[in-house]
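>
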Amino acid sequence: MATAASPHPAFDFVEEKNGIRELRLRANGLQVLLLPNRIAPVATFCVVYRVGSRHEAVGHTGATHLLEHMMFKGTAEFNRDRGTQIAATLEAVGARFNATTWFDRTNYFETVPSDQIDLAMRIEASRMRGSFIRDGDRIPEMTVVRNEFERGENSPFQVLYKDSFAVAFREHPYHHPTIGWKSDIEGMSTARLKEFYDTFYHPDNATAILIGDFEEAEALRRLDGHFGSIPRSHRPIPRTYTDEPPQQGERRFVVKRAGQIGWVALSFRSVAAAHPDAYPMAVLANILGSGMTSRLYQALVEPSLSISVSAISWQLRDPSLFSVFTAIAPGTDHARAEKIVRDELARVVREGVTEDEVKKAQNQIEADVIFERDTTDQVAGSLTEAIAVADWRWYVDYLENVQRVTAADVLRAARTYFHEDFSTVGWFVPRIEAEVAA
Amino acid sequence: MSSRFAENTARLEGENGATFLALENHFNPTLALSGTLRAGSAHSPASNPVLAALTAQMLEKGTRRRTKLELAGELENRGISISFSASGGDPDTMDISLACLSRDRVLAFEALVEMLTEPVFPAEELAREKERLVGAVRQLSDQTGWRASTAASRLIYPAGHPYCAETAEEIIAAIEATTTAELADFHERFYRASSLILAVVGDVDRAAVVQELAGLLGPMRTGAAAAIDVPPIHRPASARERVRMKEKVNADVLLAHDSGLTRTAADFLPTTLGVAALGQSTLSSRLGLRVRDTEGLTYGINARMSAGRFSGPFAISLTVAPANLDRAVQSARAVLGEFLEGGITEKETLDEKRSRAGKFKVDLASNGGIAGALDMAETYGFGVGYLDAFPASVEKITVEEVNAAVRRHIHPEMLVEVAAGEV
Chain A
1 MATAASPHPA FDFVEEKNGI RELRLRANGL QVLLLPNRIA PVATFCVVYR VGSRHEAVGH
61 TGATHLLEHM MFKGTAEFNR DRGTQIAATL EAVGARFNAT TWFDRTNYFE TVPSDQIDLA
121 MRIEASRMRG SFIRDGDRIP EMTVVRNEFE RGENSPFQVL YKDSFAVAFR EHPYHHPTIG
181 WKSDIEGMST ARLKEFYDTF YHPDNATAIL IGDFEEAEAL RRLDGHFGSI PRSHRPIPRT
241 YTDEPPQQGE RRFVVKRAGQ IGWVALSFRS VAAAHPDAYP MAVLANILGS GMTSRLYQAL
301 VEPSLSISVS AISWQLRDPS LFSVFTAIAP GTDHARAEKI VRDELARVVR EGVTEDEVKK
361 AQNQIEADVI FERDTTDQVA GSLTEAIAVA DWRWYVDYLE NVQRVTAADV LRAARTYFHE
421 DFSTVGWFVP RIEAEVAA
Chain B
1001 MSSRFAENTA RLEGENGATF LALENHFNPT LALSGTLRAG SAHSPASNPV LAALTAQMLE
1061 KGTRRRTKLE LAGELENRGI SISFSASGGD PDTMDISLAC LSRDRVLAFE ALVEMLTEPV
1121 FPAEELAREK ERLVGAVRQL SDQTGWRAST AASRLIYPAG HPYCAETAEE IIAAIEATTT
1181 AELADFHERF YRASSLILAV VGDVDRAAVV QELAGLLGPM RTGAAAAIDV PPIHRPASAR
1241 ERVRMKEKVN ADVLLAHDSG LTRTAADFLP TTLGVAALGQ STLSSRLGLR VRDTEGLTYG
1301 INARMSAGRF SGPFAISLTV APANLDRAVQ SARAVLGEFL EGGITEKETL DEKRSRAGKF
1361 KVDLASNGGI AGALDMAETY GFGVGYLDAF PASVEKITVE EVNAAVRRHI HPEMLVEVAA
1421 GEV
C-alpha cells in the first residue's frame, strides 16, 4: 500500500524540496524527479544516465557520444522497418526532442503535448535496455559523427576549448573531448559500443525527470508500468578514479590554421562544481565577462581590441577549469590581448571586487534562474547538469549559495586559483591565405 | 474552435498608430516582449546596405538622457535584457525583444522606449562600433555556412533585393563609410509609430500594460514606412559555385531558389507542410533518412522555406566532408526529385499535420514563444484569432493541396548549388 509520503506502492518517497519530489522505483533503483508546472499543456520527460566521456579511455574516446547517436537507431518496438522510427514517432506528435552528451553525463529528452507523456516514457523505457547496437547502423552513423567532429574543427573557439582541456588535463579523462578523437570515432568497434551500453545503461544508473502538466499518481503509474520491469545492473557501475595531479608550471599551446580572426584562451585549474568555492568563481566569471559593464568587456571590447570576450567557470563533477576566451580584433596581437586578460585577473587578485559588482552578478544569476522556469525543457536541462555534477539538490540550492557569496569570498577564491603555475594559455593564430572562388 | 487567445489578449492601437498586445501568465514572475518595426535591412538605401542594421545596433549606445554605460549598468544590474536587430528573419522588419522580472517592468519599458525613440548616435560610439563590427564581419566570413548562404543569395537574387546578401568586403566598406548623420536620418524616416507592434506576455495586468506602453510611446512620431522598390527576380537557370576555404574540413552546402511565396500567400502553409516532410527533421524526414541515416554522408540536412513580406528562398542545406560532397548533393537531389514526382503520401500528410499541431502547443509553452506568435500574427495582418484558428487551418489541408503547392513552388531545375569549405 502507498504510505502517506509515498503516493504509489512501487515507489519510495525520498524528499521534496522547492516543489521537486524525489522518488525511487523500488524494483530497480531508478531515481525519479517530478516537478509539476502547468504553464502550458506540455511536459518534458528526460532520462539522465550517469555516463559521460569521463568513463572513456584511449581507443574508445567518443563512445558515450557515438552510443547516444546509436540510441536513435531503434528498438524492437520503435524502429524504421516497422514505420515507428524513434525520431519520426516523436516528430509526428510535434515533440521537441534530442539527446546530449558531456563530460559527466548523457541525457535524452522530449518536450511533448501533455497527452503524449506516455509515448515519451515508452520510448525511453524501450531504449534503456533494448536499443539495437548493430554494425550495419554503426558504419553510416560513424561518418555522421565524423562530420559533426569536422564541423567542430571549423570553429576556432571549439578548437581552443578542446585543446585547453587536453593540455590542462594529462591524466584525468577530461583530457579528451566528449566527441572523441577522430581516429577513435573511426576505429571503435560495434562490440566496444555494445559493451559500453551494457555497462552503463541501467535504471540504477539513471534518473527519470518529468516536468510540466501532469498528474502525479497517473505519472507514477505509467513510470512503473514502463520502467518497473527493467532489472537493475547485475554488477556495480564502474566509477572513475583517476585524479589529475597538481599542475606545477604554466602550459602553452598554439594552433595555426587558416582563418580570419585570432583567439586567446587563458585557463586556470579550478574546483569541482560541488566545492564551496564554485559559487564565488561563478560570481567572478559574471563580473569579468558578462555584459557590457563587465571588467573584461571594458578592458578589451570597449577599446576595440577584441570582438568578444567571455569568462566561464566550468562546472563539472571533478575539478576543472576557469577560462577566459577572447576573439581579438584585426590589428591586435595575441600577446597584448593575453597581457590585458592577465592584468585584469591580477587586479582581482590584488584588489578584489566590489560589493556592488557581486550584487550585480547575483541579480543576473537570479534573473537567469527565474527565466529558466518559463520553460520545462530548460529546467530539465539544469537538473541534468546538477545530477551530473553532484545531485539534483545542487540545482535547488544554487541560487541561495550564489547569494551568500561576498566580495571577500571572491577575493579569496581568486587568490587561491589564479596562480600562473596553474594556468594554460592557448593561441589560435589565423593563417590568412588567398581563397579561390570558382 | 477555441478562442483562448482572442478572448484573453488585450489589444490597443495608439493614436499614433502603434499596436500593443498583452496576455497574462502569472505562473512565473517574468515577462517577455516581442516586437517589430518596419525598419529592417530591406529599407537600407542602395548607397548603404548596412544602415538599417547599424541603426538598430546603435540604439543601445546612448540616448538623450543616458550614456551607453549608464543604460547598460541599470539593465545589467537587474538582469534585464533588451535587444534590437535588423539582421533577422524578415528583411522588412527590425526585431525587438525584452525579457525581465515582472518587478522590473516599469524600468525596463522606460529604457526600451528611451532607446527606441531618443537615441543620439554619439560619434565616438559609432567609431568604436565600426571597429568591432569589422572584426565581427571578418569572423563571419570565416564561417562556411555564412559564406555558402551569401554566395547562394547572390546567385538567386539581384542586387538591391531584400534577400540578396552583401559580401564581407561590401559590408565592411559600408560600415566604414557610415556617418552619424546617416543613422539619425534613417531613424527619423523609419522609426515611426505607425509600423510599431509590441506584444507582452507574462506576469502583468494586460489592460494596464497596453495602456502603459501606449502612454510611454505616445510621443513617438507617426507616419507610414516608405514603400520598397523590390527589383524583379530573373529566374536563372541553375548555377553552381564553389567557395574554396582552406583547412575547412567541413563544407556547408546549399541548394536553393526563390520560392515566389510570401508569408501571407495561401500556398504558404501547405508548402511548408510538404517541405517539413522533405526535410524538417535531420533524423526522420526524407532527406535525413536517405542522406544521413542510410548513407551516413552528413551530420545535418534540412529543407526550409524563408518568407516574410517578400518572397524568400526554398533551400536544402547540409554539411559534409569535402570528399563526400558530390555524392551527398546527388543523393539530396535524387530525394527531392522522387518527392516531387511521387508526392507526399497520405501518412506523411497526417504525420506532418499532427506534428504541426503538437509543435504549436510546444512552441507556445513559454512567454517568449507566445509573445513572438502574437507579434507575428499582427505583423502579417492575421489578427490574434489566427492563433486560435491555426490548428483547424492545418487540419483541413489535404494531401492534394500539399502536392499541388510544392509542385508550384519547388523547381529542381532552378536550384543554385553552392558549397563552401575545402572543396
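Chains A and B, in that order, give the protein sequences. Numbering-wise, the first sequence is residues 1 to 438 according to the numbering used here. Numbering-wise, the second sequence is residues 1001 to 1423 according to the numbering used here. Each residue gets a CB set at the ideal place from its N, CA and C atoms; glycine is no exception.
Quick one: list the residues of chain D neighbouring glutamate 1295 of chain B, beta-carbon separation under 8 Å, in chain order.
Note that chain D does not occur in the displayed structure, where the protein chains are A and B.
> Going along the chain, which unbroken runs of the alpha helix (DSSP H) with 4 or more residues stay wholly within the stretch 1007-1047 of chain B?
With a minimum length of 4 residues, no continuous alpha helix (DSSP H) run stays inside the stretch 1007-1047 of chain B.
> Does glycine 259 of chain A come within less than 7 Å of chain B when only Cβ atoms are used?
True, the Cβ-Cβ gap to chain B drops below 7 Å.
> What are the boundary residues of the alpha helix (DSSP H) that asparagine 947 of chain B is part of?
Nothing in the structure corresponds to residue 947 of chain B, since chain B is present only between 1001 and 1423.
> Could you give the DSSP three-state label for methionine 1245 of chain B: helix, strand or coil?
Coil.
> Taking 8 Å as the threshold, find out whether the stretch 1382-1402 of chain B comes into contact with the stretch 1287-1299 of chain B through three or more Cβ pairs.
No: the two stretches stay apart, fewer than three of their Cβ pairs being nearer than 8 Å.
> Using a threshold of 7 Å, state whether the C-beta atoms of alanine 1371 of chain B and alanine 1199 of chain B are closer than that.
Closer than 7 Å, so yes.
> Given a threshold of 16 other Cβ atoms within 10 Å of its Cβ, counted over all protein chains shown, does valine 1106 of chain B qualify as buried or as exposed?
Result: exposed.
> At which residue ranges does the stretch 15-77 of chain A contain complete beta strand (DSSP E) runs of 3 or more residues, listed in the order of the chain?
20-25, 31-36, 42-49, all fully within the stretch 15-77 of chain A.
> Only counting the same chain, and skipping five residues up and downstream in sequence, which positions put a Cβ closer than 8 Å to that of lysine 1061 of chain B?
Contacts found: Lys1068, Pro1119, Phe1121, Pro1122, Glu1125, Leu1126, Glu1129.
> Look at the alpha carbon of phenylalanine 132 of chain A and the alpha carbon of alanine 125 of chain A, and state the distance between them as a whole number of angstroms.
Going by the C-alpha atoms only, they are around 13 Å apart.
> Put leucine 160 of chain A into one of helix, strand or coil per three-state DSSP.
Helix, per DSSP.
> When you compare the stretch 1082-1099 of chain B with the stretch 1028-1044 of chain B, are there three or more beta-carbon pairs, one atom per stretch, that lie closer than 8 Å?
Contact between the stretch 1082-1099 of chain B and the stretch 1028-1044 of chain B is present, because at least three Cβ pairs lie under 8 Å.
> Keeping to the same chain, check which residues put their C-beta closer than 6 Å to that of arginine 252 of chain A; ignore five residues upstream and five downstream.
Excluding residues within five positions, the ones whose Cβ falls inside 6 Å are Val425.
> Residue ranges of each alpha helix (DSSP H) run of no fewer than 4 residues wholly in the stretch 1170-1258 of chain B, ordered along the chain?
Complete alpha helix (DSSP H) runs here, min 4: 1180-1190, 1206-1216.
> By DSSP's criteria, cysteine 1100 of chain B is part of a beta bridge. Which residues make up the other side?
BP columns for cysteine 1100 of chain B point to B:Leu1031.
> Would you kindly work out how many angstroms separate the C-alpha atoms of leucine 1112 of chain B and isoleucine 1082 of chain B, rounded to a whole number?
If I take the Cα positions, the gap works out to 7 Å.
> Just by C-beta distance, which residues in the stretch 40-52 of chain A are closer than 8 Å to chain B?
Those would be Ala40, Pro41, Val42, in chain order.
> By the 9 Å beta-carbon criterion, what residues does the stretch 1279-1308 of chain B contribute toward chain A?
Under the 9 Å Cβ criterion, the stretch 1279-1308 of chain B contributes Gln1280, Ser1281, Thr1282, Leu1283, Ser1284, Ser1285, Gly1288, Leu1289, Arg1292, Asp1293, Thr1294, Glu1295, Gly1296, Leu1297, Thr1298, Tyr1299, Gly1300.
> What in chain A is Cβ-close to proline 1270 of chain B, meaning under 7 Å?
In chain order: nothing, as chain A lies at least about 18 Å away.
> Out of A:Ala311, A:Met292, A:Pro231, state which residue places its alpha-carbon closest to the alpha-carbon of glutamate 302 of chain A.
For the residues A:Ala311, A:Met292, A:Pro231, the minimum Cα distance to glutamate 302 of chain A belongs to A:Met292.
> For a contact meaning CB atoms closer than 7 Å, what does serine 1195 of chain B contact in chain A?
Correct list: empty, because the minimum Cβ distance to chain A is about 28 Å.
> Considering only heavy atoms of the ligand FAD, does any lie closer than 6 Å to the CB of alanine 408 of chain A?
Among the ligands in the structure shown, none appear at all, so the ligand FAD cannot be discussed.
> At a Cβ threshold of 7 Å, is alanine 367 of chain A touching chain B?
By this cut-off, alanine 367 of chain A is an interface position.
> Out of B:Met1220, B:Ala1256, B:Glu1076, which one is the CA nearest neighbour of arginine 1192 of chain B?
Among B:Met1220, B:Ala1256, B:Glu1076, the Cα nearest to that of arginine 1192 of chain B belongs to B:Met1220.
> Chain B beta carbons: is any one of them nearer than 7 Å to that of serine 382 of chain A?
No, its Cβ sits nowhere closer than 7 Å to a Cβ of chain B.
> List the endpoints of the continuous alpha helix (DSSP H) containing methionine 281 of chain A.
Start and end: 278-289.
> Taking Cβ to Cβ, would you say glutamate 68 of chain A is nearer than 7 Å to alanine 99 of chain A?
The answer is yes: Cβ separation under 7 Å.
> Show which residues of chain B have a CB atom less than 7 Å away from the CB atom of arginine 291 of chain A.
The displayed chain sequence assigns glycine, not arginine, to residue 291 of chain A. Near glycine 291 of chain A (Cβ distances below 7 Å), the residues of chain B are Ala1072, Glu1076.
> Per the contact definition of three or more C-beta pairs closer than 8 Å, is the stretch 279-297 of chain A in contact with the stretch 350-366 of chain A?
Result yes; three or more Cβ-Cβ pairs closer than 8 Å.
> What span of residues does the alpha helix (DSSP H) with phenylalanine 325 of chain A cover, start to end?
Taken as a continuous stretch (DSSP letters only), phenylalanine 325 of chain A belongs to no alpha helix (DSSP H), being part of the beta strand (DSSP E) at 321-328.
> Taking the alpha-carbon positions, what's the aspartate 243 of chain A to isoleucine 1080 of chain B distance?
Cα to Cα, aspartate 243 of chain A sits roughly 41 Å from isoleucine 1080 of chain B.
> Between which two residues does the beta strand (DSSP E) holding asparagine 98 of chain A run?
Taken as a continuous stretch (DSSP letters only), the beta strand (DSSP E) holding asparagine 98 of chain A covers 96-101.
> Leaving out five residues before and five after glycine 1260 of chain B in sequence, what residues of the same chain have Cβ atoms less than 7 Å from its Cβ?
Here the set comprises Ser1311, His1409.
> Taking valine 93 of chain A as part of the beta strand (DSSP E), name the residues at either end of that continuous run.
Counting along the chain, valine 93 of chain A falls outside any beta strand (DSSP E), and DSSP gives it neither H nor E.
> Taking the straight line between their C-alpha atoms, what separation do you get for serine 323 of chain A and histidine 1234 of chain B?
Spanning the two alpha carbons is a distance of roughly 51 Å.
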